[in-house]
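Structure record follows, encoded as structure tokens.
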Amino acid sequence: MSDTHTLPNWEKLVQKQLKTEDIYTILKKENLEGIEVRPFYDAVQKPLTNLPKVEESTHLVAPYHESLESDVFAFLLDQNVENLVEKAVFINNKDLAEHIRPEDEDQYFSLIDVFDEKEGVINDQLTKELLAKDFKRNICVDISLHQNAGAAIYQQLGIALAKAKELVEMYGEGILNKLIFRMAVGGNYFFEMAKLRAFKLVFNQLSKEYGLNEIPYIFAETSLRNKAVSDNENNLIRSTLELASAMIGGADAVYSNNYLVSNSTENSEEISFKQQIVLAYESIINVFEDASNGSYYVEDITRQIAEKSWALLVEIEEAGGYLKLLKEGVIQKKIFDHAVEEQKWVEEGKIKLIGVNLYPKLEVKKSIEDLYDEKEIKAVRWSEMFE
1 MSDTHTLPNW EKLVQKQLKT EDIYTILKKE NLEGIEVRPF YDAVQKPLTN
51 LPKVEESTHL VAPYHESLES DVFAFLLDQN VENLVEKAVF INNKDLAEHI
101 RPEDEDQYFS LIDVFDEKEG VINDQLTKEL LAKDFKRNIC VDISLHQNAG
151 AAIYQQLGIA LAKAKELVEM YGEGILNKLI FRMAVGGNYF FEMAKLRAFK
201 LVFNQLSKEY GLNEIPYIFA ETSLRNKAVS DNENNLIRST LELASAMIGG
251 ADAVYSNNYL VSNSTENSEE ISFKQQIVLA YESIINVFED ASNGSYYVED
301 ITRQIAEKSW ALLVEIEEAG GYLKLLKEGV IQKKIFDHAV EEQKWVEEGK
351 IKLIGVNLYP KLEVKKSIED LYDEKEIKAV RWSEMFE
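Sequence positions in the sequence shown follow the working numbering and run 1 to 387.
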């Protein structure tokens with residue numbers, strides 16, 4: 001290792017290059033997550049063991065199309081399809097789930113959220129119906145909505161844990177290995193990678209509270225939050241990076257939402273799925289359990305996100321639990337406050353969205369008040385302000 005790879009020597013080198021001794025003021029990178037990001041890492045505080053995933057290789061999930069039947073292993077289903085044999089099938093429709101009868105060679109997963117976020121209740125009848133089915137994972141804890149509504153990363157994870165705890169309290173700890181967590185992955189590449197890794201840590205910690213040692217099943221999909229109606233090519237690049245961070249972070253399944261925000265076509269669906277194919281078969285990043293393990297930067301932000309997420313879970317539980325706070329509007333307000341601050345950063349250009357607030361810079365057409373409601377968790381794209 002050369003002498004420049006020590007902190008004192010690095011500082012001297014950068015002071016010389018920037019022509020100032022006050023380098024940390026210049027190099028400081030703010031973020032809305034409250035995560036400390038240092039410009040130089042030469043060690044990690046607490047090295048983590050390899051963080052495993054449930055599936056050996058990340059499933060590449062495509063929207064079902066008959067032309068893909070022979071080539072694709074994992075499908076997302078919104079409608080009934082007969083004679084799907086030896087496939088991983090992710091059910092995305094409540095009515096469809098009632099009619100599914102899995103065969104021995106099938107792998108069925110439910111992506112149906114049993115939480116009613118508007119009423120602040122769990123659909124008990126639906127939950128019991130799903131638990132009675134011979135699915136590989138029966139119950140979905142969906143926090144993709146929360147990401148698309150503007151929740152901070154630690155809020156997404158804290159809420160996921162709090163929702164899981166509500167399920168345990170109603171149906172017992174045996175439900176923990178029947179859960180699948182649906183997460184939306186945003187464009188902050190390393191932070192999103194660390195988000196999935198941190199969730200593995202905190203979910204495992206939650207399971208240990210009940211004497212178990214569970215690994216979460218993570219279904220990761222591309223975010224809607226950073227996509228723009230008139231910027232399809234950039235949307236495609238953004239979602240490719242999101243898929244990459246999900247695979248590297250150790251997702252068990254990945255799904256690419258159509259990069260055309262409106263008016264999707266059969267061709268755009270095919271291209272969206274091919275993003276996953278190229279990443280998996282040419283970059284070969286879907287087979288590793290924990291590809292980013294050992295990166296000082298990723299390890300450090302993983303630890304910080306895990307700590308903040310667990311602290312939020314404790315806060316929610318001490319205040320009465322997720323459903324109680326949802327009925328009181330507390331959860332909605334927490335997400336609203338962060339989403340509004342994030343939208344201000346977009347408006348000011350602190351968060352850069354190419355083709356929207358940078359290259360070219362569009363005019364603001366809608367106010368933050370037009371976009372957000374502190375009483376409702378709803379998906380909002382950053383670019384809606386300019387459209």
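Just so it is clear, CB atoms sit at the ideal spot from N, CA and C, and this is done for glycine as well.
(Q) Is it buried or exposed, Tyr217, if we count other Cβ atoms within 10 angstroms and call 16 or more buried? (A) Buried, because 16 or more other Cβ atoms sit within 10 Å of the Cβ of Tyr217.
Q: Compare the C-beta of Tyr359 with all C-beta atoms of chain C and state if any pair is closer than 8 Å.
A: Reference to chain C is not applicable here, since this structure consists of a single protein chain.
Q: Please look up how many angstroms separate the CB atoms of Ile23 and Glu11, rounded, as I've assumed it's under 8 Å.
A: Indeed they touch by this definition, with Cβ atoms about 7 Å apart.
(Q) Does His146 pass the burial test, meaning 16 or more other C-beta atoms within 10 Å, or should it be called exposed? (A) With 16 or more other Cβ atoms from the protein chains shown falling within 10 Å of its own Cβ, His146 counts as buried.
**Q.** In DSSP terms, what Pro63 is bridged to
**A.** For Pro63, which the question treats as bridged, DSSP gives the partners Leu76.
**Q.** Residue burial classification, Leu27 (beta-carbon count within 10 angstroms, cutoff 16)
**A.** By the 10 Å Cβ count, Leu27 comes out exposed.
Q) Hey, is the region 309–328 in contact with the region 143–159, meaning 3+ C-beta pairs nearer than 8 Å? A) In short, these stretches touch, since the Cβ pair count reaches three.
Q | Runs of alpha helix (DSSP H) lying entirely within the region 126–191, each at least 4 residues, in chain order | A | Under the rule that a run must span 4 or more residues, the alpha helix (DSSP H) segments found entirely inside the region 126–191 read 144–149 and 153–171.
Q) Using a Cβ-Cβ cut-off of 8 Å (strictly less than) and excluding sequence neighbours within five positions of Leu130, which residues of its own chain qualify? A) Ala97, Ser110, Ile112, Val114, Asn138 and Ile139.
(Q) Is the separation between the beta-carbon of Asn234 and that of Gly186 shorter than 8 Å? (A) Not closer than 8 Å, so no.
Q: Give me whichever residues DSSP pairs with Tyr108 in a beta bridge.
A: In the DSSP output, where bridge partners are listed per residue, Tyr108 has Val89.
Q) Using 8 Å as the threshold, is the region 275–295 in touch with the region 242–257, meaning 3 or more CB pairs across them? A) Because the criterion of three Cβ pairs below 8 Å is met, the region 275–295 and the region 242–257 touch.
Q) What's the call for Tyr322, buried or exposed, on a 16-neighbour Cβ count within 10 Å? A) Of the other Cβ atoms in all chains shown, 16 or more fall within 10 Å of the Cβ of Tyr322; this residue is therefore buried.
Q.
Nearest by alpha-carbon distance to Val340: which of Tyr372, Lys136, Lys361 and Glu348 is it?
A. Between Val340 and the set Tyr372, Lys136, Lys361 and Glu348, the nearest pair of CA atoms involves Tyr372.
Q: Check each candidate in Glu348, Lys333 and Asn31 and name the one with the smallest Cα separation from Glu376.
A: Among Glu348, Lys333 and Asn31, the Cα nearest to that of Glu376 belongs to Lys333.
Q: Run the CB neighbour count on Tyr359, radius 10 Å, all protein chains shown included, and call it buried at 16 or more, exposed below.
A: Residue burial is scored here from C-beta neighbours: Tyr359 has fewer than 16 other C-beta atoms within 10 angstroms and is therefore classed as exposed.
Q: Write down the C-beta distance between Leu126 and Lys94 rounded to the nearest angstrom, noting that I regard them as a contact closer than 8 Å.
A: Rounded, the Cβ-Cβ distance is 7 Å, consistent with contact.
Q: Spatial neighbours of Thr302 within its chain, please: CB distance less than 8 Å, with the 5 preceding and 5 following residues excluded, ordered by chain position.
A: The beta carbon of Thr302 lies closer than 8 Å to those of Leu48, Ala194, Arg197, Ala198 and Leu201 in the same chain, with the five residues before and after it left out.
Q | Same chain only: Cβ atoms within 6 Å of Val54, ignoring 5 sequence neighbours per side | A | Same-chain partners within the cutoff: Ile215, Tyr217 and Asp252.
Q. Is DSSP giving Leu84 helix, strand or coil here?
A. Here Leu84 sits in coil by DSSP.
Q. If you follow the alpha helix (DSSP H) that Thr25 is part of, which residue opens it and which one closes it?
A. Segment Ile23 to Leu27, the alpha helix (DSSP H) holding Thr25.
**Q.** Cβ neighbours of Glu363 in the same chain (closer than 8 Å, five flanking residues each side left out)
**A.** Excluding five sequence positions before and after Glu363, the CB atoms of its chain that fall closer than 8 Å to its own CB belong to Phe386, given in chain order.
Q) CA-CA distance, Asn204 and Asn213? A) Near 6 Å, if we compare the C-alpha coordinates of Asn213 and Asn204.
Q | In DSSP terms, what Tyr217 is bridged to | A | According to DSSP, which records beta bridges pairwise, Tyr217 is partnered with Ile180.
Q. Who does Tyr255 pair with in a DSSP beta bridge?
A. DSSP lists Val61 and Glu221 as partners of Tyr255.
Q. So Ser144 packs on Arg101, CB below 8 Å; how close in whole Å?
A. About 27 Å separates the two Cβ atoms, so there is no contact after all.
Q.
Tell me the rounded alpha-carbon separation between Ser207 and Gly172.
A. Straight across, the Cα-Cα distance linking Ser207 with Gly172 is about 12 Å.
Q) Near Leu260, what residues of its chain come up, given a Cβ to Cβ distance below 8 Å and the 5 sequence neighbours on each side ignored? A) Closer than 8 Å at Cβ, skipping near neighbours: Asn232, Asn235 and Ser268.
Q: Give the DSSP-derived three-state secondary structure of Ile35 in the structure shown.
A: Reduced to three states, the DSSP call for Ile35 is coil.
Q. Taking the Cβ atom as the reference point for each residue, do Gly120 and Ile335 lie within a distance shorter than 8 Å?
A. Inclusion of Gly120 and Ile335 in the CB contact set at 8 Å is not warranted, their separation being larger than that value.
Q. Should the region 63–81 be regarded as contacting the region 303–311, the criterion being three or more beta carbon pairs within less than 8 Å?
A. No contact exists between the region 63–81 and the region 303–311.
Q | Secondary structure, alpha helix (DSSP H): runs of 4+ residues fully inside the region 279–339 | A | For the region 279–339, whole alpha helix (DSSP H) runs of length 4 or above, ordered along the chain, are 296–318 and 322–328.
Q) Would you call the CB atoms of Leu243 and Ser264 closer than 8 Å? A) By the CB criterion at 8 Å, Leu243 and Ser264 fall outside the cutoff.
Q | 8 Å Cβ cutoff met for Ala184 and Glu221 | A | Yes.
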